[in-house]
Structures are given as C-alpha cells and as structure tokens.
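Engineer: Numbering (this note's numbering), first residue to last: 22 to 93.
Ideal Cβ placement from N, Cα and C applies to all residues, glycine included.
Because the structure is a prediction, the values reported are computed rather than measured.
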C-alpha cells in the first residue's frame, strides 16, 4: 500500500496518508491540498528473525556475505 509522508505548506503539519489511485491527500489540520511529499525511510520489521551479520570485518556489510570484502 502506498503510504506517504507529507508536510503541509499552509500550516506546517507533518502527517502520513494512504494514497490510492488518483486521490489527492489533504492536510488533516487545515484541509489544505498544498502539500510537500517528504522522503521516507524504508522500514522492515522481522521480529522473529535475527539481523544478518555484517561482513567478515564487521563494518562493511558487503552483500556477498562474510569474507567477501577486502577490508581487514
């Protein structure tokens, strides 16, 4: 589902809104449609799974797995 973060240009209120199709969101505080879409941080939750280990050195996080990086 497309969940976006916005900041109202009229009153400065920041909020999230679920936008479907061609619907235009409006500020829940002042009902303005003059909004700026903000950059969101992508979040994933996996409560039952442990976080994967970083690279062999523990700092690079090379996606090829442990031992793939050249940092010692």
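With distances taken from CA atoms, which of 37, 25, 42, 23 is nearest residue 50?
Structural biologist: Stepping through the chain shown from its first residue, residue 50 is reached at position 29. Of 37, 25, 42, 23, the residue nearest in Cα terms is 37.
Engineer: Can you tell me whether residue 32 is buried or exposed? The criterion is at least 16 other CB atoms within 10 Å of its CB, across all chains shown.
Structural biologist: Reading the chain shown from its first residue, position 11 is the one you call residue 32. Residue 32 comes out exposed.
Engineer: Bridge partners of residue 28, per DSSP?
Structural biologist: Here residue 28 is taken as the residue at index 7 of the chain shown, counted from 1. Residue 28 pairs with 35, 57.
Engineer: Sorted by chain position, which residues of the same chain lie with C-beta nearer than 8 Å to residue 27's C-beta, five sequence neighbours on each side aside?
Structural biologist: Here residue 27 corresponds to residue number 6 of the chain shown, with the count starting at 1. Hits under 8 Å: 35, 36, 37, 38, 46, 48, 56, 57, 58, 59.
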